[in-house]
Amino acid sequence: MKLYDKNAVAKFLDMTPKNVERLTQKGILQTKQGNLYALAETNRAYIKYLRDRNPESQEAVDLNEERAKLTKTKRLNEELDLAVKKGELHRSEDIEKVMTAMLINFKSRLSAIPAEEADKLA
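Throughout the sequence shown, residue numbering follows my numbering, covering 3 to 124 in sequence.
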């Protein structure tokens, strides 16, 4: 088995030699003879470290958890639809139309105020 120094390992893992030292100090990477590394073992150890650090990136999906999320989302969607039908909730398009009409009406009333009256109001 061929052994490599920290510079070669750093280049292989696309990191700095300082990071290789840090991972070695943490016990993630193991040296063989002095400060030399077995490239295959080091690569596996680094991949394991990355997987352990971010377990959500794994492709293993908990089917029950995903079903629960889907059920919750469907229930929330149905509750919102019911609230709209009951008149407890309004669609954003309807609110936008009403507010636009109200602001246009307000603007036209403001522009109808004579200039000398506007000075008194300001």
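Backbone N, C-alpha and C define an ideal beta-carbon position, used for all residues, glycine too.
{"Check": "Test item: CB-CB of Thr18 and Ala12 under 8 Å", "Outcome": "yes"}
{"Check": "For Asp64 and Gln1, the rounded distance between their alpha carbons", "Outcome": "In the structure displayed, the chain extends from 3 to 124; residue 1 sits before or after that span and is not available."}
{"Check": "Secondary structure, alpha helix (DSSP H): runs of 4+ residues fully inside the stretch 6 to 79", "Outcome": "8 to 15, 19 to 28, 41 to 55"}
{"Check": "Same chain, Cβ closer than 6 Å to Lys4, neighbours up to 5 away in sequence not counted", "Outcome": "none"}
{"Check": "DSSP-derived helix/strand/coil call for Arg93", "Outcome": "coil"}
{"Check": "Anticipated Cβ contact below 8 Å, Ala40 with Lys34, distance rounded", "Outcome": "5 Å"}
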